[in-house]
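Residue numbers (the working numbering), protein chains in the order written: chain A, 18 to 198; chain B, 18 to 198. Notes to accompany the following structure.
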DNA sequence: TCTAAGTTTCAATAAATAATGAAACTAATG
DNA sequence: CATTAGTTTCATTATTTATTGAAACTTAGA
């Protein structure tokens, strides 16, 4: 199983972007490879395809599973485990988004919540707390929103997405409606 | 200039989150420190406050400036450079978002665009291209949306944010309106 | 229950990334 | 134009993160 030049280039790109997307090079490559490969792959095929050690693949699989980006499949009569993307591209993007929120926002939100409950003991703390409050509110909003987006049906999302520059108009419209009564 | 325990804890937290937010520990700390400090700070004050080398601060400043998160200020009669956050919390979050889009999405979008223009030469490439097309469309949508959000006035954004779980309703509403004619 | 195909773990090692600090640079001031 | 406060650079060093591969583990089937 050898990759064409184009496909290889894509997989390598995924590797280079890997760390920006929240994992590392190898895991980025694995993810890219599984996405563009029609058939599920064994760990050995992945290791061979990417020229990395079997052990590394095993760790990568664990990580990709913790992100819920891949799933295991079994082929009757075959003892090996086969791996494939755990859903559509859209599903995967959602997972990455969700997982990153968990890692990049939630811990800070928790710290800020605690801080806000306390009473500042001097001017420095007072100013700092105001700033933290602003960050807190911002993150709360982001959190609420992402939860909201998760709740929308795929159709609604599609509709919202297609709205594009219409957002402003819909908002104005909504304001008019709400102001009437 | 010494930090209170609470404020110190916040700054350290920013350090730990730094790499998740797109920079490194030191830069995260610097950013946190500047945010909760009312007065602009000199590079030396930052180095002292965080117990890091002067050279490191200089590099951090350069990086934070490249993200457009801090600005330089001068105090008349003082030759030193003073640094302060370059805007409100909201502004800063926007900058981080924008910058990350540039680093995490744009390069991939560019690669995918190129790929999509080519003609697959076999079945593997055909399947791969379909997948890439999906990723491409998703990223285009995200890009359009973030541009759209940037364009909204702060008030509209506020309004949109407060909408929360009302999004669904507004969407349904919009659909009804649009279907009428 | 023994064998062997397959998988995971983890100590050792390699690679990448960040931090230091001394030297080079810059520019305001006497 | 020499001095010096202040800043930046970058080779060196330290730290962190990723990778390997051999040994341990797991489990299906003989």
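Glycine included, C-beta positions come from ideal geometry on N, C-alpha and C. Treat the numbers as computed from the prediction; the structure is a model and nothing was measured.
Annotation: Cβ neighbours of residue 124/B in chain A (cutoff 9 Å, chain order): 30, 33, 34, 37. For the 8 Å CB-CB criterion, residue 101/B and residue 90/B form a contact. Apart from sequence neighbours up to five positions away, the residues of its chain that approach residue 116/B with a beta-carbon distance below 6 Å are 84, ordered along the chain.
The residues 152, 156, in chain order, have a CB closer than 8 Å to that of residue 125/A in the same chain once the five nearest residues on each side in sequence are set aside. Taking 8 Å as the upper bound for CB-CB distance, residue 43/A and residue 97/A are not in contact here, some 20 Å apart.
Assignment of residue 54/A by DSSP, reduced to helix, strand and coil, places it in the coil class. A Cβ of chain A is located within less than 8 Å of the beta carbon of residue 165/B.
If you look at residue 124/A, you'll find it in the alpha helix (DSSP H) that goes 123-134. Contact of residue 101/A with chain B by beta-carbon distance below 7 Å is absent, the smallest such distance being about 12 Å. Among the CB atoms of chain A, none fall inside 8 Å of the CB of residue 84/B.
Residues of chain A whose Cβ lies closer than 8 Å to the Cβ of residue 148/B are, in chain order, 52, 53, 106. The residue from 32/B, 80/B, 55/B with its alpha-carbon nearest to that of residue 143/A is 55/B. In the three-state scheme derived from DSSP, where H, G and I count as helix and E and B as strand, residue 103/A is classed as coil. Under the three-state reduction of DSSP output, residue 138/B falls in the coil class, being neither helix nor strand. Straight through space, the alpha carbons of residue 146/B and residue 65/B are spaced by roughly 53 Å. Identification of chain B residues near residue 40/A by a Cβ-Cβ cut-off of 9 Å yields none; the smallest Cβ-Cβ distance measures about 12 Å. Boundaries cannot be given for residue 69/B, as no beta strand (DSSP E) includes it and DSSP labels it neither H nor E. Per DSSP, the unbroken beta strand (DSSP E) holding residue 88/A starts and ends at 87-90. Here residue 59/B is bridged, per DSSP, to 99/B. The shortest CA-to-CA distance from residue 20/A to any of 52/A, 87/A, 80/A, 158/A is the one to 52/A. Proximity of residue 134/B to chain A, defined by a Cβ-Cβ separation below 8 Å, is not satisfied. For residue 34/B, the enclosing alpha helix (DSSP H) stretches over residues 22-38. Here residue 132/A is near residue 149/A, since their CB atoms are less than 8 Å apart. The alpha-carbon of residue 99/A is positioned some 47 Å away from that of residue 185/A.
Selection 87/B, 140/B, 158/B evaluated against residue 179/A yields 158/B as nearest (Cα-Cα). Judged by DSSP in its simplified three-state form, residue 178/B adopts helix. The beta carbon of residue 80/B sits closer than 8 Å to those of 40, 44, all from its chain and outside the five residues before and after it, given in chain order.
In the three-state reduction of the DSSP assignment, residue 109/B falls in the helix class.
Taking the C-beta atoms as reference points, residue 24/B is found nearer than 8 Å to residue 141/A.
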